[in-house]
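Chemist: Protein sequences, first through last, are from chains W and U. Each residue of the first sequence is one higher than the one before, starting from 324 at the first, in my numbering. Each residue of the second sequence is one higher than the one before, starting from 324 at the first, in my numbering. Ideal Cβ placement from N, Cα and C applies to all residues, glycine included. Here it is, the structure, as structure tokens.
Number of protein chains: 2
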Amino acid sequence: MTSSITPFFSPKGVVVIGASTSPEKLGYGVARNLIQSGYRGAIHFVSQKSGALFDRPLYTNLDDVPDPVDLAILIVPTQSTPQTIEDCAKRGIKAAIIVSSGFREVGAEGAALEAQCVELARKHGVRLLGPNCIGTLDTHLPLDTTFLQPPMPAQGGIAFVSHSGAFCAAIIDWAREQGFGFSQIVSLGNQADVNETDVLPEVAKDEHTKVIALYMESVSDGVKFVQAASEVTKHKPVIALKVGRFEAGQKAAASHTGALAGSEAAFDAAFAKAGILRADTAEQMFDWARALENCPLPRGKRMAILTNAGGPGVIAADSLETNGLLLSQLTESTLKALTNYLPPSASVHNPVDMLASASPDAYATCLNLLLQDENVDGVLVILPPPPMYKTEEVAKAMIEVISKFEKPVVIALMGSTLVEEARKTFQRANIPTYPFPERAASALGALARRAKHLTTEHAESTETQKRISVASLADLDELLTAYGIQTIPIKLARDENEVTAIADELGYPLVMKIASPDILHKSDVGGVLLNLTDAQTLLSAYTQMTERIKSAMPAAQIDGVHLQRQVPEGQEVIIGMVRDPLFGPLMMFGSGGIEVEGLKDVAFALAPLNQAEARSMIRKTWAGRKLKGFRSIPAVDEESAIDVLIKLSHLAMDHETVDEIEINPLRVLAKGAVAVDVRVKLRA
Amino acid sequence: MTSSITPFFSPKGVVVIGASTSPEKLGYGVARNLIQSGYRGAIHFVSQKSGALFDRPLYTNLDDVPDPVDLAILIVPTQSTPQTIEDCAKRGIKAAIIVSSGFREVGAEGAALEAQCVELARKHGVRLLGPNCIGTLDTHLPLDTTFLQPPMPAQGGIAFVSHSGAFCAAIIDWAREQGFGFSQIVSLGNQADVNETDVLPEVAKDEHTKVIALYMESVSDGVKFVQAASEVTKHKPVIALKVGRFEAGQKAAASHTGALAGSEAAFDAAFAKAGILRADTAEQMFDWARALENCPLPRGKRMAILTNAGGPGVIAADSLETNGLLLSQLTESTLKALTNYLPPSASVHNPVDMLASASPDAYATCLNLLLQDENVDGVLVILPPPPMYKTEEVAKAMIEVISKFEKPVVIALMGSTLVEEARKTFQRANIPTYPFPERAASALGALARRAKHLTTEHAESTETQKRISVASLADLDELLTAYGIQTIPIKLARDENEVTAIADELGYPLVMKIASPDILHKSDVGGVLLNLTDAQTLLSAYTQMTERIKSAMPAAQIDGVHLQRQVPEGQEVIIGMVRDPLFGPLMMFGSGGIEVEGLKDVAFALAPLNQAEARSMIRKTWAGRKLKGFRSIPAVDEESAIDVLIKLSHLAMDHETVDEIEINPLRVLAKGAVAVDVRVKLRA
């Protein structure tokens, strides 16, 4: 399958426009790398001066470049870029990497030039990578369109896609020392045209790519990104490092949901929906990537620790728990076999501590026993330099065992000089090593989460729903009722007569709320009264409330009061939605009331939600966990809360004009749940 | 100042008992290291066979070893250890490092042997380090009593004290590659005698030690440790990696405080009290240690970022916030100077992005401007390999600038091969480098917390308090009142007559609670009724409550009901104390009521508390933050809550027989605070 961006990844011929014979120029570096990479297609150079470079002619005119050529690398003055794009189109080249900088990143003038490039490219059907990028790199094809200092990174199964070119360069250099390689590297630059969402599926197609690491500063189209990534993560793991967490200031929000839902909550929810593992640091991203590249996935979360020293074993046990994993309970037969094999003072219970005297054979034998154990889903081996043996001998003995099982084994290989040979030995056998137990445990955690993702069903935004229409969105009750969300009719009473008439219609007990477009948080101003049981109480409450608020807020428009039948006791939660500008409807669930923003006991997820997603969201909050009862708090109908959450997510998918909607509180009853108060904000 | 453990750190003469001429034996390794270390005192060897080793005689009898000798290193069979200790005492040697294992760590028999060693040592006034340890190491003295493979670690200012010998060995090897050194290393082993609390002040005395890193699996005497460490941290920073976080199972607790206060909460509180920085991982511990060893402390939290690439700058900005730091607002004059100096497309606002073209001079000039800025307390410099310059040239240019200021500068030196020379250049200038911005920011955070510790006053457990005695601890009201904590008298009514009489005495409105030794959580069983406003309501409530509970819990002993005057509305919090077995009174503050254990909105600190400590504890919880008011929740008397917390901490210090005490709720009023319900558990 080819697409318009295929030439960036497997071109038939490449032309460097702006090739240079001066070794300090980028145009020399790109030419050198193309040749040194061993790229098997055609390589051509275009320059202002004719001559030769690396035994190839320097053409002064792109038209003279012979076939095949379908990818151009532009290292030309910023101002000449539009003309060069036209030249490419004329020559039939439909893909161009623009290395030059000086575009959008430097201000308005550059942005205009960039826009001009995109316009020309669209017009002529040319795809652009960059500008302000360092190009692409494929260690297997091979192909290197960058100007980075050789050598190329080692071959490997990690594809790295990055918004930052500087970050690419630093990571490539760092990876060399760390001893891991890449399948592909793509520097996206300003993403004037081709963006991370275009590249992700293309990179995933590469058979050499086992895992994709993504460095993101933003997202071009959130909804498309989640769709594309969801497809990719069905087959290959994706890890993202998203930076700019603390950048965005708080925006003015019309609801609690809006106030709490920042762009970070939306990114978290988007990654969760797409099945992308989100790393906290660059180091962590590649720690995980190396495990995902090389290890089989665990069938569960029960891990064993094998060590020759107590201290690091304890660190490992702590770290397993931190990463959501469990210490396996070894079976009786494993315990018996370990007891028979190990010296009496060893500890056969997980963490299995063989003591400092452990030989290569001991490591191999015990590891074999642990991997055989049906209660063990994976093993973290701790290997500081053994006092009596060479570390690499231990490595060799273990590698043979590891290869026999389809279970992940990660090694905390502690030290440096004394374990260097062992590190290389493990590396050759594709077994990931980490300098400390904490990092090894974190990698095991990523494997377990990846395994879980593959068995969890995610609701997809493409799923067909029965779109429900209502006459007017203004009638909230009708809308919610249409989606099967129970509300309690609320009526506006504008004077004492209406108060009495409506009370007769609804029945007692009643709740009264001030009706004013100017008062957002009603209970803040004494605008809510509960448990009004008879006409007399009701009328005096009406008089008091309206008079008090009129005198307290003389500028506020008071339309009267809203009356509502009081519902039975239950547990109150908040369910809300804001339409995230990047990712669409973002659902919130949590502790409601007036303390929402203080308690911050809330969880977010992207709509639409299915049962599993809604349940997992609810369980992340204390408000959700206590629905099943806690101490004297009786259990209520958790399923109803889940149901409302799902239905509200469908409503949000169906009605794009609903910008924010918030049920606060949703009262969850012994049976059923009722939206007591609902606030909606429609698109302006 | 010398103490009984001084010979471990600066012996006049050392004897290796169990020296060996076989290079594969530990007794050879220790002898070799002692000599190779360059130790300037006397070195003697004792062995079973006479002869010579490293040109020194092998004595077969310890008595024959000439003066000076005040430290023995024992590498003898486990069973011979007690006899060898006696031999040492006879020869006048009062300090012995026991390298051998096979003691407490292998079971009951070993434990008995270890106890015998300690008994003999106490009897003869001999101090023991170990057993099951790898000894000590001092790079400056120099002295190496270990058997680890040479070379010794590099000289440095970090002292490392460790419960795990294997961890020592791995760290020493790792540090070599990382390029940092140590002042001293102490392996504590089983701590049969000398423990971490003994060693900490001794190590701190060493003028070469700038910072102490502590690997802990437990603590020998928590109270003494906190006292000793508090003294040390007044002068030198201490970082601890405490492992075994998830080890302890939950114990049965008599209160919410007891249920929530695990040993980890106590360790956290103890480290906070002692001014110890707690690291999460080994890598982090040494990342922090290198900064604390080499950097001046910042005067505040406002940090600047200097970078030549946008992406890593964003990562750094995120990480500063994660570590509790702020991005400085640069002064107008700095902004102007940066604007004049940098190209127009550079970003002069913090993070300052000089663009990829930044020269060594640009780095130096901009760093100088940032360090001059009064709004900048420290700088994080990002240095990936610059495309056009050698990284080490940038390093050299910056070092000159850094040395002129008393502000911390840390470098995120990204890459490996291309930055290796720069790394060494920085290292020689004692400027810490980190491979990623996240780790550099974490180090800056540690510096800022260290600086804050030095300006924060901590209440010390040695402070004299006016110990208040009460006739009987059983009278809780009396005890609390004596400490100035306001309670509301509570009276037991055993029948209807007493209910009426007590109500007349206390006045309305009243609260009624079931009185039963068998019912711990009264409201769970409907054993609490509020707002009883008159005699009729009261009596019917009495009948209903007692009858309902009798029928619901026929086995429970019902003594009647407790009556109490109902206090005005306010905000309710929980204040509790449990006596931690290691660290003594551990105070808790947080959201009270019945959801304490679910919400987990609580903070812990060790008693006694001063104003600053109590305030900081309160501010860590939402319950504490909202005392100053939130939305429609009116502000209450925060100072009163702080006051009660401090007073309860004094009560706990004074009365060792109070094992747990919990005020739940403490109702904080507009003015003052009242203990509404108090539960106490006295020592059995």
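Tell me the start and end of each unbroken beta strand (DSSP E) in the stretch 364 to 391 of chain W that is at least 3 residues and wholly inside, in chain order.
Modeler: Fully enclosed beta strand (DSSP E) runs of 3 or longer: 365 to 369, 374 to 376 and 379 to 382.
Chemist: Residues of chain U with CB under 8 angstroms from Y538(W), in chain order?
Modeler: Within 8 angstroms Cβ-Cβ: G634.
Chemist: Hey, quick one: how far does the alpha helix (DSSP H) through F332(U) stretch, first residue to last?
Modeler: Note, F332(U): alpha helix (DSSP H), T329 to F332.
Chemist: Within 10 angstroms of the Cβ of M711(U), are there 16 or more other Cβ atoms? Answer buried if so, exposed if not.
Modeler: With fewer than 16 other Cβ atoms within 10 Å, it is exposed.
Chemist: Give, in chain order, every unbroken run of the beta strand (DSSP E) that is at least 3 residues long and sits entirely within the stretch 468 to 522 of chain U.
Modeler: For the stretch 468 to 522 of chain U, whole beta strand (DSSP E) runs of length 3 or above, ordered along the chain, are 478 to 485 and 505 to 510.
Chemist: Quick check on the DSSP output: the alpha helix (DSSP H) that includes A551(W) runs from which residue to which?
Modeler: G545 to V555 is the span of the alpha helix (DSSP H), which, as asked, contains A551(W).
Chemist: Output, in chain order, the set of chain U residues within a Cβ distance shorter than 8 angstroms of E761(W).
Modeler: D603, T604, A605 and E606, listed in chain order.
Chemist: Helix or strand or just coil, what does DSSP make of Q573(U)?
Modeler: Its pLDDT being 41, under 50, Q573(U) is placed unreliably by the model, and the measurement read from it follows with that caveat. If DSSP states are grouped into helix, strand and coil, Q573(U) belongs with coil.
Chemist: Using CA atoms only, rank isn't needed, just tell me which of S726(W), E723(W) and V717(W) is closest to A735(W).
Modeler: Of the candidates S726(W), E723(W) and V717(W), the one whose C-alpha sits nearest the C-alpha of A735(W) is V717(W).
Chemist: Just grab the DSSP bridge partners of R450(U) for me.
Modeler: Paired residue(s): A418(U).
Chemist: From E554(U) to A935(U), what distance separates their C-alpha atoms?
Modeler: Near 19 angstroms, if we compare the C-alpha coordinates of A935(U) and E554(U).
Chemist: State the DSSP-derived secondary structure class of I358(U), mapped to helix, strand or coil.
Modeler: Helix.
Chemist: Would you verify that the beta carbon of I897(W) is, or is not, closer than 8 angstroms to some beta carbon of chain U?
Modeler: Cβ-Cβ to chain U under 8 angstroms: no for I897(W).
Chemist: Under 9 angstroms, CB to CB, which of the residues in the stretch 944 to 968 of chain W have a partner in chain U?
Modeler: Listed by position along the chain: W945, R948, K949, F953, R954, S955 and I956.
Chemist: Name the residues in the stretch 730 to 741 of chain U whose C-beta lies less than 8 angstroms from a C-beta of chain W; which are they?
Modeler: Listed in sequence order: M737, G738, S739, T740 and L741.
Chemist: Just reading off the beta strand (DSSP E) that K836(U) is part of, what are its end residues?
Modeler: L833 to A838 is the span of the beta strand (DSSP E), which, as asked, contains K836(U).
Chemist: Starting from S541(U), follow the beta strand (DSSP E) in both directions and report where the run begins and ends.
Modeler: Per DSSP, S541(U) belongs to no beta strand (DSSP E) and is neither H nor E.
Chemist: Examine chain U for any beta-carbon lying closer than 8 angstroms to the beta-carbon of R772(W), and answer yes or no.
Modeler: Cβ-Cβ to chain U under 8 angstroms: no for R772(W).
Chemist: So the candidates are V704(W), K446(W) and L471(W); which of them puts its Cα closest to the Cα of I457(W)?
Modeler: Answer by Cα proximity: L471(W).
Chemist: Assign L932(U) to one of three DSSP states: helix, strand, or coil.
Modeler: Reduced to three states, the DSSP call for L932(U) is coil.
Chemist: In angstroms, rounded to a whole number, what distance separates the CA positions of H447(U) and I420(U)?
Modeler: Distance between the alpha carbons of H447(U) and I420(U): 15 angstroms.
Chemist: Give the residues of chain W in contact with I917(U), contact being defined as C-beta atoms less than 9 angstroms apart.
Modeler: Within chain W, the residues near I917(U) are F953, R954, S955 and I956.
Chemist: Per DSSP, which residues does H885(W) bridge with? Please list them.
Modeler: Bridge partners of H885(W): L815(W) and K836(W).
Chemist: Buried or exposed for T404(U), please, with buried defined as at least 16 other CB atoms from any protein chain shown within 10 angstroms of its CB.
Modeler: Result: buried.
Chemist: Return the residues of the stretch 693 to 722 of chain W that lie within a Cβ-Cβ distance of less than 7 angstroms from chain U, sorted by chain order.
Modeler: Listed by position, the residues of the stretch 693 to 722 of chain W near chain U (Cβ gap below 7 angstroms) are P707 and P708.
Chemist: Take S345(W) and list the residues in its own chain whose beta-carbon comes closer than 7 angstroms to its own, dropping the five residues that flank it on each side.
Modeler: Once the five neighbours on either side are set aside, the close Cβ partners of S345(W) are Y351.
Chemist: What do you reckon, are the CB atoms on A536(U) and I562(U) nearer than 8 angstroms?
Modeler: Closer than 8 angstroms, so yes.
Chemist: Output the distance between the C-alpha atoms of I408(U) and I396(U), rounded to the nearest integer angstrom.
Modeler: So the alpha carbons of these two residues sit roughly 11 angstroms apart.
Chemist: Identify, in the order they occur along the chain, each residue of the same chain with its Cβ nearer than 6 angstroms to the Cβ of A958(W), setting aside the five sequence neighbours on each side.
Modeler: For A958(W), where only same-chain residues beyond five positions count, the Cβ hits under 6 angstroms are K951 and G952.
Chemist: Which residues in chain W have a C-beta closer than 9 angstroms to the C-beta of H844(U)? List them in chain order.
Modeler: R954 and S955, listed in chain order.
Chemist: Kindly list, in the order they appear in chain U, the residues whose Cβ is closer than 9 angstroms to that of P473(W).
Modeler: By Cβ distance, chain U contributes nothing, its closest Cβ being about 11 angstroms from P473(W), past 9 angstroms.
Chemist: Check T787(U) in the structure and name its three-state DSSP category.
Modeler: Caution is warranted here: a pLDDT of 47 is assigned to T787(U), below 50, making its placement in the model unreliable, and no coordinate value can be reported.
Chemist: Just to confirm, is the Cβ distance from L1025(U) to D882(U) under 8 angstroms?
Modeler: As displayed, chain U neither begins before 324 nor continues past 1007, which places residue 1025(U) out of reach and without an answer.
Chemist: In the stretch 564 to 625 of chain W, which residue ranges form an unbroken alpha helix (DSSP H) of at least 4 residues, counting only runs that do not cross its ends?
Modeler: The qualifying runs are 579 to 583, 586 to 597 and 605 to 617.
Chemist: Check whether the stretch 613 to 620 of chain W and the stretch 760 to 771 of chain W touch, using three or more Cβ-Cβ pairs below 8 angstroms as the test.
Modeler: These segments touch.
Chemist: Can you tell me the Cβ-Cβ gap for A515(W) and V441(W), rounded? I've got them flagged as a contact below 8 angstroms.
Modeler: Contact holds; Cβ gap of about 5 angstroms.
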